[in-house]
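I have placed the structure first, in the form of structure tokens, so that the comments after it can refer back to it.
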Amino acid sequence: GPPEFQHTVLVLIGDVHRGVVRAVQYAKTLAAPAAHVRAVYVEANPAGTAKLEEKWGKWGLGVPLVVLASPYRSLLRPLLDYIDQIQSRGDDQMVTIVLPEFLPRRWWQHVLHNQTALVIKGALLFRKNTVVTDVPYLLKR
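Using the numbering used here, read the sequence shown as starting at -3 and increasing by one per residue.
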């Protein structure tokens, strides 16, 4: 029969807040015991990384944090390279990207906050063995 998928679940984070914690809780439900759940942080500003890692240690629910350097301030390139690295192991490598999404009260805020999510979705849409999913949450006033 066909080989079973090896499933890696990546939660893309830019900071640690309630919405990210929810996204991680969700990601953990997607993973069979054999699957890997990891948080991925693309480092735009190395100065802030230590603080983020400290917060992650407290709130990251035991999920390992992968920090990807971004020499050209690009979010997408390091992420795509990392996914390539995972999927180069073989055709059975399934990757799910979990995006924690803002749902602000005003739609124009929504447009600003979620541009990144749209760019990522656009880039990953037609990739083989790659699934992108959002975990929406409401910003409190």
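Built from N, CA and C at the ideal position, the CB exists for glycine as well.
(request) May I have the straight-line CA-CA distance separating Leu6 from Thr45, to the nearest angstrom? (result) 18 Å
(request) Compute the distance between the beta-carbons of Ala119 and Glu97, then report whether it is under 9 Å. (result) no
(message) Tell me the rounded alpha-carbon separation between Ser70 and Gln21.
(response) 27 Å
(request) Please list, in chain order, all residues of the same chain as Lys51 whose beta carbon is under 7 Å from its beta carbon, the five residues on each side excluded. (result) Val12
(message) Could you tell me which whole alpha helix (DSSP H) segments of length 4 or greater appear in the region 12 to 58?
(response) 14 to 26 and 45 to 55
(request) Taking Asp130 as part of the beta strand (DSSP E), name the residues at either end of that continuous run. (result) Thr126 to Leu134
(request) Give the range of the alpha helix (DSSP H) segment to which Leu72 is assigned. (result) Leu72 to Gln83
(message) Taking 8 Å as the cut-off, is the beta-carbon of Val17 closer than that to any non-hydrogen atom of the ligand SAM?
(response) Among the ligands in the structure shown, none appear at all, so the ligand SAM cannot be discussed.
(message) Quick check on this structure: which residue in Lys24, Tyr133 and Val38 has the alpha carbon closest to the alpha carbon of His32?
(response) Lys24
(request) Could you tell me if Gln81 is buried or exposed, where buried requires 16 or more neighbouring beta carbons within 10 angstroms of its beta carbon? (result) exposed
(request) Using three-state DSSP, classify Leu120 as helix, strand or coil. (result) helix
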